[in-house]
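Everything below concerns the one structure shown next.
Residue numbers (the working numbering): 1324 to 1986.
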């Protein structure tokens, strides 16, 4: 079936057809709130998901499929093709992207049912899904970059979906511009590689080139670091992290898809795609691993004090992506992709659960929730299981994938070695993750209900503050079935996926380490002799104990009140302000970089150049042209003999020139 690339193109084209039909036909003939658009989107993405499952089956059975590229454009001898690469990494990503997207679209039927721009929402979501599917199937780096930018554009449209809200418009612009900084690195890497050998832009050719003498350590390092910049921007790693929490201004269903299976995982996918090149450069691996490890702690620290449940989940995404980057940096390719897989399902469940909470309480503010366990039992248990999986508690999916990363870090462990530092940072991240997630769970579901959006609006009105447009009135009830069923399916995978796709021992129908072995079949990436990391029960026990300590501390503080922080402590208050203000990165970027450097310095220089230099060039060029015209007009006498003399003179000058040239 996959001997031809047509089924793979069908995976990409199905949601594109949905985008076109929604945008051109349904919106015009059925109105902007037509429910047909949701059904069409679900149908087309179902087709993508079905063929993605078939692609995974065939890749598992037959290995990689490298289809011939079609000529896209050429300039002289420089040619760029458009083709499909279907390998193990692609097949896994296709299933993750299409599967999670399908569940999010079903959830959106209930979540977006009253939105006036219902059709536009599904059109954007279709294009967003298609862009990510195109990205993961790209055979060459230029093609990948085009889809990479399409993912960025569609995320901009979805984050700013409620364009009438100034906060949403600002968040969309921030996300678009900040990720562009990283994209400059990606583009530079492509141009640098093309300057060395244009044929290396083809990914299978690039894999083979790593064995050639022309592909030096310097080439590998420069190229890897350039593409790492793109991945850091897209996956919101330090220091290009600050756009992601603000991206919560979009619909919660959009946040679920961005954070679990599409935009932010694109950066991890890019690093995994060029893994053979990064593995040639120790410098790139060190930079990648320490950026990832630092981001784990950095993002988790801000989640400790956030009172917006969506922002807590956003910070957790940044932190978990840090684990994946860390794993890729130390060469733990299998554990990184395994964690990407499990994270996609439990993070989508958590985001959709937070959307259900907002649907009931009218707010995302944890201070105004509470007591929802009895009112929303299904949502409570769903988010509890998702949080336990995120914390890495046995036997849930997150336990198996996160502990594989920790076990990989523990290899070659020695005191004060780079691996030991990275290991301790990762372990600290385990504690912080369990604490902030259960702080959110306890504040949202336990205790007494604290008024929801209705009470928050009253309090803001009393203080004379602006009331956010996300605040709604309270409708205390469980979410409708159309919103619960996708969450329950995601929770099912959050429970069982980790063990059953990558079991630590043989079980009926599934061999030991099936998922890792599937990835390691990719001979162009790994060669013939690759050994996966064995599961270390000691590390699993240590990380589980640390996670449980974090949960118990949150329980002691927010449920029992056994522990409380001193309210008048200068250090604690300053630390809380620092974390609330996100380490003042927004202020640094806006005041120091944008206003002080760009506006007051760089743009002032360009203003002077424009007014004093470029404008004067235009003025003097015009005057010069006028003078030339005036001089030439002297020869326009109107006398025939004058023109004949001019022609004779011209012929003489031409003949003299020919004689001198041949002399």
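C-beta atoms are modelled at their ideal positions from N, C-alpha and C, and glycine is treated no differently.
All of these numbers come straight from a predicted model, not from anything done at the bench.
Open item on the list: Is it buried or exposed, residue 1710, if we count other Cβ atoms within 10 angstroms and call 16 or more buried?
Closed with: By one-based count along the chain shown, residue 1710 stands at place 387. By the 10 Å Cβ count, residue 1710 comes out buried.
Open item on the list: To test your reading of the DSSP string, which unbroken alpha helix (DSSP H) runs of 4 or more residues are found completely within the region 1588-1614?
Closed with: 1598-1601
TODO: Can you have a look at residue 1327 and say buried or exposed, based on whether 16 or more other CB atoms are within 10 angstroms of its CB?
DONE: Start at 1 with the first residue of the chain shown, and residue 1327 comes out as number 4. Its Cβ having fewer than 16 others within 10 Å, residue 1327 is exposed.
Open item on the list: Taking the beta carbon of residue 1399 as the centre, do at least 16 other beta carbons fall within 10 Å, making it buried, or is it exposed?
Closed with: Counted from its first residue, the chain shown places residue 1399 at position 76. By the neighbour-count rule (16 or more Cβ atoms within 10 Å), residue 1399 is not buried but exposed.
Task: Closest residue to residue 1727 among 1665, 1567, 1467 (Cα-Cα distance) - done: Locating residue 1727 in the chain shown gives position 404, where the first residue counts as 1. Residue 1665 is the option with its Cα nearest to residue 1727.
Open item on the list: Is it buried or exposed, residue 1983, if we count other Cβ atoms within 10 angstroms and call 16 or more buried?
Closed with: For the purposes of this step, residue 1983 is taken as residue 660 along the chain shown, with counting starting at 1. Counting Cβ neighbours within 10 Å, residue 1983 comes out exposed, since fewer than 16 surround it.
Task: 9 Å Cβ cutoff met for residue 1713 and residue 1777 - done: To locate residue 1713, count along the chain shown from 1; it is residue 390. To locate residue 1777, count along the chain shown from 1; it is residue 454. It is not a contact, given that the beta carbons lie outside the stated cut-off.
Task: Paired residues, beta bridge with residue 1389 - DSSP - done: Walking along the chain shown from the start, residue 1389 turns up at place 66. Partner(s): 1408.
Open item on the list: Need the endpoints of the alpha helix (DSSP H) that residue 1840 sits in, please.
Closed with: Residue 1840 sits at position 517 when you count from the first residue of the chain shown. Residue 1840 -> alpha helix (DSSP H) spans 1837-1843.
- [ ] Would you check if the distance between the CB atom of residue 1767 and the CB atom of residue 1806 is smaller than 9 Å?
- [x] Here residue 1767 refers to the residue found at position 444 of the chain shown. Here residue 1806 refers to the residue found at position 483 of the chain shown. Result no, Cβ atoms of residue 1767 and residue 1806 do not sit closer than 9 Å.
Open item on the list: In the DSSP assignment, the alpha helix (DSSP H) including residue 1859 goes from what residue to what residue?
Closed with: Your numbering for residue 1859 matches position 536 in the chain shown. Residue 1859 -> no alpha helix (DSSP H), and no H or E assigned at all.
Task: Residue range of the alpha helix (DSSP H) that includes residue 1548 - done: Residue numbering aside, residue 1548 sits at position 225 when the chain shown is read from its first letter. Segment 1540-1557, the alpha helix (DSSP H) holding residue 1548.
Open item on the list: Counting beta carbon pairs with one atom in the region 1677-1695 and one in the region 1572-1587, are three or more of them shorter than 8 Å?
Closed with: yes
TODO: Inspect the beta-carbon positions of residue 1324 and residue 1377 and report whether they are closer than 9 Å.
DONE: Along the chain shown, one-based indexing puts residue 1324 at 1. Along the chain shown, one-based indexing puts residue 1377 at 54. Result yes, Cβ atoms of residue 1324 and residue 1377 sit closer than 9 Å.
- [ ] Could you tell me whether the region 1479-1498 touches the region 1522-1536, using the rule of 3 or more Cβ pairs below 8 Å?
- [x] no
Open item on the list: Assuming residue 1655 is part of the alpha helix (DSSP H), what are its boundary residues?
Closed with: As a first step, residue 1655 is located in the chain shown; it is residue number 332 there, counting from the start. It is not in any alpha helix (DSSP H) - residue 1655 carries neither H nor E in the DSSP assignment.
Task: Distance, residue 1522 Cα to residue 1405 Cα - done: Position 82 of the chain shown, counted from the first residue, corresponds to residue 1405. Position 199 of the chain shown, counted from the first residue, corresponds to residue 1522. Answer to the nearest angstrom: the Cα atoms are 13 Å apart.
Open item on the list: Just to confirm before moving on: does the CB-CB distance between residue 1416 and residue 1598 stay below 9 Å?
Closed with: Counting from 1 along the chain shown, the entry for residue 1416 is found at position 93. Counting from 1 along the chain shown, the entry for residue 1598 is found at position 275. In this structure, residue 1598 does not lie closer than 9 Å to residue 1416 by Cβ.
Task: Beta-carbon proximity of residue 1838 to residue 1661, cut-off 9 Å - done: For the purposes of this step, residue 1838 is identified with residue 515 of the chain shown, where counting begins at 1. For the purposes of this step, residue 1661 is identified with residue 338 of the chain shown, where counting begins at 1. In this structure, residue 1661 lies closer than 9 Å to residue 1838 by Cβ.
Task: Cβ-Cβ separation, residue 1581 to residue 1478 (assumed contact under 8 Å), whole Å - done: Walking along the chain shown from the start, residue 1478 turns up at place 155. Walking along the chain shown from the start, residue 1581 turns up at place 258. At roughly 6 Å, the Cβ-Cβ gap stays under 8 Å, so residue 1478 and residue 1581 are in contact.
Open item on the list: Does the region 1423-1439 come into contact with the region 1667-1674, if we say contact requires no fewer than three beta-carbon pairs (one atom in each stretch) closer than 8 Å?
Closed with: yes
Open item on the list: Looking at the secondary structure, which residues open and close the alpha helix (DSSP H) in which residue 1582 lies?
Closed with: For the purposes of this step, residue 1582 is taken as residue 259 along the chain shown, with counting starting at 1. Run containing residue 1582: 1575-1583, per the alpha helix (DSSP H) assignment.
- [ ] Rounded to whole angstroms, what's the CA-CA distance from residue 1419 to residue 1841? Just pull it up for me.
- [x] Within the chain shown, numbered from 1, the residue matching residue 1419 stands at position 96. Within the chain shown, numbered from 1, the residue matching residue 1841 stands at position 518. Taking the straight line from one Cα to the other gives about 15 Å.
Task: Assumed close pair residue 1624, residue 1902 - CB separation to whole angstroms, cut-off 8 Å - done: Here residue 1624 refers to the residue found at position 301 when the chain shown is read from its first residue. Here residue 1902 refers to the residue found at position 579 when the chain shown is read from its first residue. Residue 1624 to residue 1902, Cβ: 6 Å. Contact.
Open item on the list: Pop quiz: residue 1595 and residue 1412 are said to be a contact at Cβ under 8 Å. What is the actual Cβ separation, rounded to whole angstroms?
Closed with: Locating residue 1595 in the chain shown gives position 272, where the first residue counts as 1. Locating residue 1412 in the chain shown gives position 89, where the first residue counts as 1. Between residue 1412 and residue 1595 the Cβ distance is about 6 Å, and since that is below 8 Å, they are a contact.
Task: Nearest-angstrom beta carbon gap, residue 1345 and residue 1445 [assumed within contact, 8 Å] - done: Residue numbering aside, residue 1445 sits at position 122 when the chain shown is read from its first letter. Residue numbering aside, residue 1345 sits at position 22 when the chain shown is read from its first letter. Sure, about 5 Å apart at Cβ, within 8 Å.
Task: Contact under 9 Å by Cβ, residue 1748 with residue 1620 - done: Position 425 of the chain shown, counted from the start, is the residue given in the question as residue 1748. Position 297 of the chain shown, counted from the start, is the residue given in the question as residue 1620. Contact: yes.
TODO: Alpha carbon to alpha carbon, how far is residue 1530 from residue 1427? Give it in angstroms, no decimals.
DONE: Locating residue 1427 in the chain shown gives position 104, counting from the first residue. Locating residue 1530 in the chain shown gives position 207, counting from the first residue. In a straight line, the C-alpha of residue 1427 is about 35 Å away from that of residue 1530.
Task: Buried or exposed by the 16-neighbour rule on C-beta atoms within 10 Å, applied to residue 1952 - done: Residue numbering aside, residue 1952 sits at position 629 when the chain shown is read from its first letter. When all chains shown are included, residue 1952 counts as exposed.
Task: Pair within 9 Å by beta-carbon distance, residue 1813 and residue 1663 - done: Here the question's residue 1813 lines up with position 490 in the chain shown. Here the question's residue 1663 lines up with position 340 in the chain shown. Not a contact, by the Cβ cut-off of 9 Å.
Task: CA nearest to the CA of residue 1456, picked from 1719, 1508, 1366, 1586 - done: Stepping through the chain shown from its first residue, residue 1456 is reached at position 133. Of the candidates 1719, 1508, 1366, 1586, the one whose C-alpha sits nearest the C-alpha of residue 1456 is 1586.
TODO: Could you pull out every residue in the same chain whose Cβ sits closer than 6 Å to the Cβ of residue 1449, ignoring the five residues on either side in sequence?
DONE: Counting from 1 along the chain shown, the entry for residue 1449 is found at position 126. Around residue 1449: 1338, 1341, 1342, 1364.
Task: 7 Å CB neighbourhood of residue 1383 in its chain, flanking five on each side removed - done: If you number the chain shown from 1, residue 1383 lands on position 60. So the qualifying residues of the chain are 1841.
Open item on the list: Here's the rule I'm using: 16 or more other beta-carbon atoms within 10 Å means buried, otherwise exposed. How should residue 1569 be labelled?
Closed with: In the chain shown, counting from the first residue as 1, residue 1569 sits at position 246. Classification for residue 1569: buried.
- [ ] Would you mind stating whether residue 1609 and residue 1741 have Cβ atoms separated by less than 9 Å?
- [x] Here the question's residue 1609 lines up with position 286 in the chain shown. Here the question's residue 1741 lines up with position 418 in the chain shown. Taking 9 Å as the Cβ cut-off, residue 1609 and residue 1741 qualify as a contacting pair.
Task: Three-state secondary structure assigned by DSSP to residue 1454 - done: As a position in the chain shown, residue 1454 is number 131, starting the count at 1. In this structure, residue 1454 counts as helix in the three-state DSSP scheme.
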